[in-house]
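As structure tokens, the structure follows; a few thoughts come after it.
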Amino acid sequence: MSYIMVDIESDGPIPGDFSMVCFGAVLVDENLDRTFYGRLKPISENYNPDALAVSGFAREETLDFDDPKEIMLKFAAWIEEHSKGRPIFISDNNGFDWMFICWYFHHFIGRNPFGFSSRRLSDLYCGLEKDTFAQWKHLRKTEHTHHPVDDARGNAEVLLYMKNEMELKIALK
């Protein structure tokens, strides 16, 4: 099983009515050097300028991005190439990121390589700390820039920190 940290940027709150602008993924291993980045052409005329502004792109730029089906096929191939066993989708906000990735996979290629579930980084950290309100974003090493590869890498750094902390806690017992 391989954890793949994912982050997306969109131009609105839901897939279908709005578009995923770009996304990044990082295979969670000690190197964090296997990444994927896709920029997707809008699938809808709808967009929220404030939501789009977070991505740093103008609407006119996004119209020249890549065909969503091609990007999702490339991402599925990347997942297949880089994961060992079942790929596990994980993100900072899986309620948001997951719905876009899942919708795009099913809509454009008819299947989701991640299956039907995802994990949320914050919940894992809160469980590790046994504190429902535990804060973890300070543990990122990579600056949170809203470029999805940077953001996925920073979140993957936190997951690795958690893995190493858990191993240390078990070793100390």
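Residue numbering for the sequence shown follows our numbering, beginning at 2 and increasing consecutively. Cβ atoms here follow ideal geometry from the backbone N, Cα and C, with glycine treated the same way.
TODO: Would you kindly report the start and end of the unbroken alpha helix (DSSP H) that includes M73?
DONE: 69–83
Open item on the list: I need the straight-line Cα distance from L33 to D51, nearest angstrom please.
Closed with: 31 angstroms
Task: Where the alpha helix (DSSP H) containing R112 begins and where it ends - done: No alpha helix (DSSP H) contains R112, which DSSP labels as neither H nor E.
Task: Residues sharing a beta bridge with F183, DSSP - done: Beyond the ends of the chain as shown, which are 2 and 174, falls residue 183; an answer cannot be given.
Open item on the list: If I measure Cβ to Cβ from E130 and keep anything under 7 angstroms in the same chain, skipping five residues before and after, which residues do I get?
Closed with: none
- [ ] Using a Cβ cut-off of 7 angstroms (strictly closer), state whether L140 contacts chain C.
- [x] No chain C is part of this structure, which consists of one protein chain only.
Open item on the list: Quick check: Y4 and G25, are their CB atoms within less than 7 angstroms of each other?
Closed with: no
Task: 8 angstroms Cβ shell around L173 - same chain, five flanking residues per side excluded - done: Interpretation of L173 is limited by its pLDDT of 49, a score under 50 that renders its predicted location unreliable; no figure is taken from the coordinates.
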